[in-house]
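Input: a single structure, listed below in structure tokens.
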Amino acid sequence: MAGRLEGEVAIITGAARGQGEAEARMFAREGAQVVLTDILDERGETVAQEIGAAARYFHLDVSQEDQWQKVVQDTVATFGRLTVLVNNAGIGLREDYGVEQTPLDVWNKVLAVNLTGAFLGMKYSVPEMRKAGHGSIINISSIAGIVGGGGLPAYHASKGGLRLLTKTAAIQYAKEKIRVNSVHPGGVDTAILDPFGEKWKQRAAKWHPVGRMAESDEIAYGVVYLASKEATFVTGTELIIDGGVTAQ
Amino acid sequence: MGRLQEKVAVITGASSGIGRAIAIGFANEGARIVCSDIRSDARPEGYDADTQRATAEVIKAQGGQACFVQADVTKGPEVEAVIRQAVERFGRLDIMVNNAGVFTRLAPIHEKTEEEYDFTMGVNAKGVWNGCQQAIRQFLKQGDGGKIVNIVSIAGVIGLPEEPAYCASKAAAANLTRQLAVDYGPRGINVNAICPNFLTTAMTRPFHENQDIKSTVEALTPLGRWGKIPDMVGPVIFLASSEADYVTGSLLMVDGGFTAK
Chain A
0 MAGRLEGEVA
10 IITGAARGQG
20 EAEARMFARE
30 GAQVVLTDIL
40 DERGETVAQE
50 IGAAARYFHL
60 DVSQEDQWQK
70 VVQDTVATFG
80 RLTVLVNNAG
90 IGLREDYGVE
100 QTPLDVWNKV
110 LAVNLTGAFL
120 GMKYSVPEMR
130 KAGHGSIINI
140 SSIAGIVGGG
150 GLPAYHASKG
160 GLRLLTKTAA
170 IQYAKEKIRV
180 NSVHPGGVDT
190 AILDPFGEKW
200 KQRAAKWHPV
210 GRMAESDEIA
220 YGVVYLASKE
230 ATFVTGTELI
240 IDGGVTAQ
Chain B
0 MGRLQEKVAV
10 ITGASSGIGR
20 AIAIGFANEG
30 ARIVCSDIRS
40 DARPEGYDAD
50 TQRATAEVIK
60 AQGGQACFVQ
70 ADVTKGPEVE
80 AVIRQAVERF
90 GRLDIMVNNA
100 GVFTRLAPIH
110 EKTEEEYDFT
120 MGVNAKGVWN
130 GCQQAIRQFL
140 KQGDGGKIVN
150 IVSIAGVIGL
160 PEEPAYCASK
170 AAAANLTRQL
180 AVDYGPRGIN
190 VNAICPNFLT
200 TAMTRPFHEN
210 QDIKSTVEAL
220 TPLGRWGKIP
230 DMVGPVIFLA
240 SSEADYVTGS
250 LLMVDGGFTA
260 K
């Protein structure tokens, strides 16, 4: 049976581990050619090699404009085109404690990766998608982009900004068959939660009506769906994968 | 191996339009289908191919397993009988798709009748309630979870001109979806909905044939076109499959960007 992403060429950021790694592996299984990017070069190279000929790893700090230009160029040079972008790279910092407490450099760093990174990715990927005649951009936001929380102001601001950046880009590019959607995971048990500790993770699991956090693959399935032809009428939407947290 | 291999699904409003396409799409993914509807044949004013053959017959002709059970979703005992027959025929229930829906006519509330309100709420709100209630009772008996997908509408999340009863009924179904997700998440029952835009079915033919309405919808939809029935099938398969085990209480918009604005 042909894969659901046969013929697609994708860039996935933050793909060396966790959710991005799961997305890259699933994309390849569904027939896509995948460029994995990250700042963790050794780990990223290893994952790309394990996936095989359909994958390449390129270094990318998503907050750096010149690096984005190079990655998009290298992707097209390697696989001939670009049709899918998954802005997955994201950070959460423990020092992002509250509006008064969060230092300005922490605020700037979170915004640079989580929001500016996705903006730059779209800015340099759209022209290639236009040439290819279609595209699907999937921005990994969070339930923190839908509801407020008791802390993490920079994280909530970045993810909320990404939610509306997504809708705005969706409207701008709809006529060119470039779809833009956001995914909103609840708690996913990956390294992004390490700064918060085991106890916090156990508490967080209990906020979810299903009583647990998600595995990376459970988010990746949603990303595959949005990248595939099954979602050709889906743009500007929020796919919430949160075990029921925001239904409450 | 299909994405719904061996699953048993009940689909209401399965004779025409979206329900018919979902039933056939599910069968293509390996599911066994109980097609339920108030009428067994496809509505002639729809856009379906092959309307002279009932949905279950189409599925069987393709080598799938399906049967038809007549029911009016506004009647709890009739919906209960559909679930009972699904279990008798195929041994269990895995997926419930509450798709049956009605629309009466465009008119503001001061021109609407009580009968129009009752009919619209009866099918679109109470019908979904009945389907969820009966499916959940069966899921609880089985003890290993289940999937419910409600076909709501963008009318469940925004106001649309001259559709007061339809919007109220779809909003009821939308928030019932979220509420049930909270109660039954701990028992592995996922409850989600898709919210389509205007799409070409028997129900919307009068709109589609009205040039003003047709072009207004096109202009308000960023993708620039009406939804088509096949656009809805992939999203519902996703929500019904094990790929969506962590998705519950979600309203999945399938609207060409209509509500992104």
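These protein sequence lines are chains A and B, in that order. Letter 194 of the first sequence, counting from 1, is numbered 193 in numbering that gives the first Met the number 0, and no numbers are missing. Letter 167 of the second sequence, counting from 1, is numbered 166 in numbering that gives the first Met the number 0, and no numbers are missing. Ideal Cβ placement from N, Cα and C applies to all residues, glycine included.
Asked                                                                                                                                                                             : Found
So, at 7 angstroms on beta carbons, what are the nonlocal neighbours of L4 of chain A in its own chain, with the 5 sequence-adjacent residues on each side left out?              : F26, E29, G30, A31, V223, A226, S227
Whole angstroms is fine: what's the gap from P163 of chain B's alpha carbon to G100 of chain B's?                                                                                 : 15 angstroms
So the candidates are A:S215, A:K158, A:Q72, A:G13; which of them puts its Cα closest to the Cα of E44 of chain A?                                                                : A:G13
Does the Cβ of E175 of chain A have 16 or more other Cβ atoms within 10 Å, making it buried, or fewer, making it exposed?                                                         : exposed
By the three-class DSSP mapping on this structure, what secondary structure does V61 of chain A have?                                                                             : coil
Can you pull the DSSP bridge partners for P184 of chain A?                                                                                                                        : A:I240
Just list the alpha helix (DSSP H) runs in the segment 202 to 255 of chain B, keeping only unbroken ones of 4 residues or longer that don't cross its boundaries, in chain order. : 204 to 207, 210 to 219, 228 to 239
Span of the beta strand (DSSP E) holding P163 of chain B?                                                                                                                         : Here P163 of chain B belongs to no beta strand (DSSP E); instead the alpha helix (DSSP H) covers 163 to 183.
Which residues of chain B have a Cβ atom closer than 9 angstroms to the Cβ of Y220 of chain A, listed in chain order?                                                             : F237, S240, S241, E242, A243, D244, Y245, V246
Applying the criterion that 16 or more other CB atoms from any shown protein chain within 10 Å of the CB defines a buried residue, is S214 of chain B buried or exposed?          : exposed
Here's the rule: buried if 16 or more other CB atoms are within 10 angstroms of the residue's CB, otherwise exposed. What is K198 of chain A?                                     : exposed
Would you be able to state if there are at least three C-beta pairs under 8 angstroms between the segment 163 to 170 of chain A and the segment 228 to 240 of chain A?            : yes
Chain B partners of I136 of chain A, CB-CB under 7 angstroms?                                                                                                                     : What I136 of chain A touches in chain B: nothing, since even the nearest Cβ is about 13 angstroms away.
Is the beta carbon of V253 of chain B closer than 9 angstroms to that of I193 of chain B?                                                                                         : yes
DSSP state of N191 of chain B, grouped into three classes?                                                                                                                        : strand
Beta-carbon separation of S241 of chain B and R2 of chain B under 9 angstroms?                                                                                                    : yes
Where DSSP assigns a beta bridge to N138 of chain A, which residues make up the other side?                                                                                       : A:N86, A:S181
Between the segment 166 to 192 of chain A and chain B, which residues of the former have CB atoms less than 7 angstroms from a CB of the latter, in chain order?                  : K166, A169, I170, A173, K174
Of the residues that make up the segment 198 to 228 of chain B, which ones have a beta carbon closer than 9 angstroms to any beta carbon in chain A?                              : L198, T220, P221, L222, G223, R224, G226, K227
What residues in the segment 7 to 34 of chain B have a beta carbon less than 9 angstroms from any beta carbon of chain A?                                                         : none
Are any of the Cβ atoms in chain D nearer than 9 angstroms to that of A203 of chain A?                                                                                            : Judged by its chain identifiers, the structure shown contains no chain D, and its protein chains are A and B.
Residues of the segment 163 to 191 of chain B with a CB closer than 7 angstroms to any CB of chain A: list them in chain order, please.                                           : R177, A180, V181, G184, P185
Which chain A residues sit within Cβ distance under 9 angstroms of P234 of chain B?                                                                                               : Y224, E229, A230, F232, V233
Please determine, among A:V187, A:L35, A:E64, the residue with the shortest C-alpha to C-alpha distance to A52 of chain A.                                                        : A:L35
Applying the criterion that 16 or more other CB atoms from any shown protein chain within 10 Å of the CB defines a buried residue, is N191 of chain B buried or exposed?          : buried
Measure the CB-CB distance between N97 of chain B and I58 of chain B and report whether it falls below 9 angstroms.                                                               : no
According to DSSP, which residues form a beta bridge with S35 of chain B?                                                                                                         : B:T11, B:V68
In angstroms with no decimal places, state the Cα-to-Cα distance between N107 of chain A and K158 of chain A.                                                                     : 14 angstroms
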